[in-house]
Amino acid sequence: MRARRLAGLALLALATIAGIGHWIAQGVPVALPDVSGGKFACVSYAPFREGQSPFQEGIIIPEWQIDEDFAALASNTRCVRTYAVDQGLDKVPEIAARHGLEVLLGVWIGSQADKNMLQMAKAVELANAHPQTVRAIVVGNEVMLRGELPREKLAETIRWVRQRSQVPVTYADVWEFWMRHKPLLDEVDFATIHILPYWEDEPVGIDAAVAHIMDIYRFVETQMPGVTLLIGETGWPSAGRQREGAVPGRVNQAAFLRGFVSEVSRQGIDYNLIEAFDQPWKRANEGTVGGHWGLYDVGREAKFPLTGPVEELPGWKLWLTGSLLFGLLPLAWATLRREAPGTAAGWATLVLTGAASGTLLTMQARYVVEMSRMPFEWAAGGALWLLSLGAMLVLATALARAVEEKPDSATSRLVDPVRLLALAFVLAMCLGLVFDPRYRDFPASFALLPAVGLALLALLRGLPEAIGDAEVGLALALVPCAIFIAVREGPHNTQALLWCAASLLLALPVLAARLHDRRAALRLQPSGAGTSGH
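Using the working numbering, the first residue of the sequence shown is number 4, and each one after it goes up by one.
Pasting the structure below:
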């Protein structure tokens, strides 16, 4: 038992050190290339703020809101790209002119002809009224990608606008779809291509992202000789799920944008970045990552400077402090519940478990903040966090009593319900990642807390006893799901691998306990049982 106790305490100490190191690493300044001239060429602009969405019936964005946004953007960009001319966006050219901004005026084209015509007519009217401000009209965005119109119908739509516009006309789509629909080149003054390394069918990591864009751009040039090209969308998310080696993050976003802008400025390539401001409404369709492509967050604060070093998490000290404060909760709980340890080893276990779990709880809280968009999501995320907090108190108490070889207390007797709930939650998440993975996150901190805690408990007091069929069934389903996810996501997706490792760590002790029980039952069975006696 002494060796197990020392091993358990050593593992808890390592987890505590890793947790503190995690937050310190978030505050390390990373040197990056500066943006030449201090301004971007153009950025995509959607005006919607927290609680607003283009899908809200009758929504009209007030002029003052657009004016505020453009006042902030004017210091960092020379141009904005829009995607529609309704919902208050018809005021964009006029307001942009006041701030010295040019406009790539977007026309939203979908499957409904009447709505398309309203967009087209309004865009022509605005462009012809503001030819000094509107650089071009972008007729349609990724219509071919979405499959909302036949190519011939889209060509007619673009042609209608071009025949009436006093400014150049273009169409925007992912570069692969331009390769498939080259006849559309006859209808535009220049081609607007989207190159998004993160969203490629084979995602490209941050180290190769800029080179990938340059390679694609040169390839498209060879396929469209003589055609003027605009990189109409490129960017990098600051939060969300990893795709193979493509990792969202604040430093990675800054590194990509600064590196990209430096390279295209050197080569004289025109571009537009996606996007100006984080758009919470996009999380509904694209998960956490969809809402975190902005240069500014939803509060209209710049995520990073255009010059100088960048930290992954400027407020890392606050999160570290929070994790340490959360780490004190097991001590307070044990004292209030009169379940305090009676030895130094027991107290050390409570302290170390609290400190290690405190890091996971703060990581969970940060995740809830990043992913929550609507009251229901905040409520669900908050409830899940409270359950995780409860699991931490139960497991910390159980570990301390295991170290002291004491019988279970009222709190530590809740270990079995914690295990069952953890298995059910992790399996539900895994099933989502198996059948609908594209936009789903890997919230490993929610799986690691119960998985590591229960594994340490098994190390200290042996495999769990009296495992129920429900737990075994959940564990049996969890193992193949975790393996499948790990294989599909690939060896470069560290988020997925960590999630799958936590899932297996949660499931395997349960299966090992059931196997142990079966073997024990067989050993107890009389040697002659089941024979005929002839």
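Just so you know, even glycine gets a beta-carbon here, dropped at the ideal spot from N, CA and C.
Every unbroken stretch of the alpha helix (DSSP H) spanning 4 or more residues and falling wholly within the region 324-351 is given here in chain order: 332-339.
Taking C-beta atoms as the reference points, ARG81 and SER47 fail to come closer than 7 Å.
Here HIS197 is bridged, per DSSP, to VAL177, GLU236. The closest CA to that of ALA258, considering only PRO308, VAL418, ILE64, ALA18, is found on PRO308. Counting along the chain, the unbroken alpha helix (DSSP H) around ASN288 starts and ends at 286-293. Linking ALA87 to TRP26 through their CA atoms gives a straight-line distance of about 41 Å. The Cβ neighbour count for PHE222, taken over all protein chains shown within 10 Å, is under 16; the residue is labelled exposed. For LEU188, no alpha helix (DSSP H) encloses it, and the DSSP letter there is neither H nor E. Here DSSP, grouped into helix, strand and coil, assigns THR85 to coil. Taking a contact as a CB-CB distance under 8 Å, the pair ILE219 and TRP178 counts as one, their CB atoms being some 6 Å apart.
In the pairwise beta carbon analysis, the region 204-219 is classified as touching the region 232-247: at least three pairs are separated by under 8 Å.
Straight-line measurement puts the Cα of ILE20 at about 24 Å from the Cα of ARG253.
Of the candidates ALA16, ASP72, GLU71, PHE51, PHE51 places its Cα closest to the Cα of ILE63. Note that the C-beta distance between LEU462 and ARG7 is below 7 Å.
The shortest CA-to-CA distance from ALA74 to any of LEU328, ARG303, ARG167, GLN169 is the one to ARG303. Judged by their CB atoms, ALA505 and ALA447 are nearer to each other than the 7 Å cut-off.
Around the beta carbon of SER78, fewer than 16 other beta carbons lie within 10 angstroms, which makes this residue exposed. DSSP places GLY143 outside any alpha helix (DSSP H); the residue lies instead in the beta strand (DSSP E), whose first and last residues are 137-144.
With 16 or more other Cβ atoms inside 10 Å of its own Cβ, MET432 counts as buried. Leaving aside the five residues that flank VAL146 on each side, the residues in its chain whose CB is nearer than 6 Å to its CB run, in chain order, ILE112, LEU152, LEU157.
A Cβ-Cβ separation of about 11 Å leaves VAL230 out of contact with THR195 under the 8 Å criterion. In the structure shown, SER391 falls within a helical segment according to DSSP collapsed to helix, strand and coil.
Put simply, of GLY30, LEU9, ASP37 the residue whose alpha carbon is nearest the alpha carbon of GLY311 is ASP37. Boundaries around LEU276 are those of the beta strand (DSSP E), 274-276, since no alpha helix (DSSP H) includes it. The C-alpha of TRP319 is placed about 48 Å away from the C-alpha of MET227. Relative to the Cα of GLY24, the nearest Cα in the group ALA473, ALA359, ARG269 belongs to ALA359. In the three-state DSSP reduction, ARG244 falls in the coil class, being neither helix nor strand. When DSSP reads this structure, ALA249 sits in a beta bridge with ARG246.
Of all C-beta pairs linking the region 243-252 to the region 487-505, three or more are shorter than 8 Å, placing the two stretches in contact. Distances from the alpha-carbon of LEU15 to those of ALA348, LYS42, THR365 put ALA348 closest. When secondary structure is reduced to three states using DSSP, THR231 falls in the coil class, being assigned neither helix nor strand. Take the alpha-carbon of THR173 and the one of GLU155: they are about 16 Å apart.
Per DSSP, reduced to three states, the secondary structure at GLU315 is coil, with no helix or strand assignment.
Closest in alpha carbon position to TYR299, among GLY30, GLN115, LEU76, is LEU76. In the three-state scheme derived from DSSP, where H, G and I count as helix and E and B as strand, PHE307 is classed as coil. Annotation: the continuous alpha helix (DSSP H) that includes LEU481 extends over 472-492.
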